[in-house]
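Counting with my numbering, you get residues 14 to 111 for the letters of the sequence shown.
The beta-carbon is built from N, C-alpha and C at its ideal position, and this holds for glycine as well.
To keep things clear, I will list the structure first and then write my remarks on it.
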Amino acid sequence: MMRTYLLGLALLLCCNVSAHADTLRCGSQLVGVGDRAFEVQQKCGEPTHRDLVGYTLGPYDRRELKIEEWIYGPSNGVLTILTFEGNRLTRIERRRSH
Numbered sequence: 014m015m016r017t018y019l020l021g022l023a024l025l026l027c028c029n030v031s032a033h034a035d036t037l038r039c040g041s042q043l044v045g046v047g048d049r050a051f052e053v054q055q056k057c058g059e060p061t062h063r064d065l066v067g068y069t070l071g072p073y074d075r076r077e078l079k080i081e082e083w084i085y086g087p088s089n090g091v092l093t094i095l096t097f098e099g100n101r102l103t104r105i106e107r108r109r110s111h
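So, in structure tokens, the structure goes:
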């Protein structure tokens, strides 16, 4: 029993500590997955950093979509990373900064 508990604890500690969400509060405004980049920038302001990650093909056609990450923070030791594909917010991730 104790061995199983310790194994489970070890696996938990090895996991990447990050959280995903569908919405993000920026002051009194909310942004969510599916929002356009200009809407996010209006509500959250200019990001601390932007990274061009690369390109991917659209899900329904052969158009190439730019993948970009916007980083906000750190705020209380947490970075917020927003991923955009083709100018649409597709992922909101929060990570402890090192």
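VAL66 sits in a strand when the DSSP states are folded into three classes. Distances from the alpha-carbon of TYR85 to those of LEU65, GLN54, GLU77, LEU78 put GLN54 closest. Taking all protein chains shown into account, THR93 has 16 or more neighbouring C-beta atoms within 10 Å of its C-beta and is therefore buried. In this model, SER88 and CYS39 are separated by some 12 Å (Cα to Cα). The three-state reading of DSSP puts GLU59 in coil, since its state is none of H, G, I, E or B. Contact annotation, GLU98 with ILE80: C-beta distance approximately 5 Å; criterion of less than 8 Å satisfied.
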